[in-house]
Every structure is written in C-alpha cells, then in structure tokens.
Amino acid sequence: MKFIIIGLGNFGAWLAQSLTSAGHDVIGIDTNMIRVEALKDKITHVVKIDSTDITALKTLPLKDASAVVVCIGEDVGASIQTTALLKQLKIKRIICRVISPLHETVITAIGVDEVVHPEQDAAEQLSKKLDLVQIIESFEISNNYYVVEVKATLKFNEISIGDSKIFENYDLQVITLLRPESKESIFGFEKTVKNSIGLVDNSTIILTDDIIVIYGHIKNIRRLVNDLS
C-alpha cells in the first residue's frame, strides 16, 4: 500500500517510519529541510514541499495513495489549508491529526470524517495504565473492549487457567501467556524477554511471573486487576 504523510514532526515521523518498516511505500512531506534530511534514509521517499501550495501538491501521486495523512501539529492554519486543498483535489481518503476541539470542528466541517488525537489517545492510555497498576500494556479493540497484559502475581501461581476461573468469575477470555526468559544480548549482558507460549486451554498452568494476555470489557478487567492488587 502507498501512504503520503504530510508533516514530519514527532508524530508524522514515527508514523512514516512505522509504515515503512511494515513494508508499505511511504512518501513523507515537510517544509523543514532538517526534518527531510533526517528521514531520507528511514522512509521510502521524503521530499520538501509546501503542502499549502496546490501547485506543489499536484506534483505528488495523491490519487495513487491508499490514504493521505495530514500530521501537521504546530501550525493549525497550515493543517486546515492543506486538508481543504486535498478535499478540493478529491482525494479519496484523508486522515487528519487534530490538536484541539476547535481544530476538529473545522476539519470535520471541511468534510473529513477520519481524525486522530495522538496526544489525547496517549494521555487516555497512560491514565488507564496508572489507574490499573497491574496492567503492562493495553489495546482498545472497540467500545471499551480491550486486549491487556496483566501480571499473574502469586494469586494465580501454578494453577491452571480453568482453575483460575478468570472466565467464570470475570467474563474474560485468556488469549495466551507471556513467559519471561533470560537471554544474552549481543553485548554479553543478560536481558529478559517475554515469549508467548502459544495457544492455551483450561489445562495450561499459570506461573507467578507469567503475563496473562486477556480480552474483555474494561469494567471486568478492572475487577480482576483490583482483586489481584
């Protein structure tokens, strides 16, 4: 797939590099030559272009892109103007980063339905992690349903998943267990890595240091974590 990322600040640069690492064809756009130079060997293509100039925008393969993502954050005016020009050029899929409610109101008024709030989303993610200290990582699937990594603790030491009654008592599904292992790094130091033991069933034994990967509603996850604390 081909993606065009406009704005290569922290968020845009991270997104462009992640998509490139995943094997996608990525064109990164920014007006700042320092950013362009910094990313020239890290993403597929990177060019210095003023995205508020429609003539410059037309030099890009916009119609061939699976999505054009406007990641401009520090200059809301440039973000709005760029998005308006993309709509004018009838680009089929535009995703826009927004940094405030007013910014989002203007972007949606232009006719863009897909917006992202990276700062807000990161804050909410951190809030949930701080609220539920046993949670190591979490990912929202939809409508308050999450996949989370939870520390097993002594409560579940050397008992089976069936005997833990995670499903019966909390209505949560155990997907797998991550088991810490010590490995030697390339520098000769010991490091701990988390390895999945694969698919599990009710007979799979949980160990104290295991990390349980669970799917379910956040209210049930919260009940489980509170009982483990």
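Numbering of the sequence shown is given in the working numbering, commencing with residue 1015 and proceeding in unit increments. The beta-carbon is built from N, C-alpha and C at its ideal position, and this holds for glycine as well.
Leu-1221 versus Asn-1171 - alpha carbon distance: 5 angstroms
Bridge partners - Val-1130, DSSP secondary structure assignment: Assignment of beta-bridge partners to Val-1130 by DSSP yields Arg-1111.
Member of Val-1227, Ala-1081, Ala-1030 and Val-1084 whose CA lies at the smallest distance from the CA of Val-1164: Val-1227
Ala-1242, DSSP secondary structure in three states: The identity of residue 1242 in the sequence shown is Leu, whereas the question assumes Ala. Leu-1242 falls in the helix class under three-state DSSP.
Classification of Asp-1185 by the beta-carbon crowding that lies within 10 angstroms, buried from 16 upward: exposed
Reference Arg-1237; option with closest CA among Lys-1205, Asp-1135 and Ile-1180: Ile-1180
For Ala-1036, the three-state DSSP class (helix, strand or coil): coil
Exposure of Gln-1102, with buried meaning 16 or more beta-carbon neighbours within 10 Å: exposed
Asn-1157 to Phe-1203 span [Cα, whole Å]: 42 angstroms
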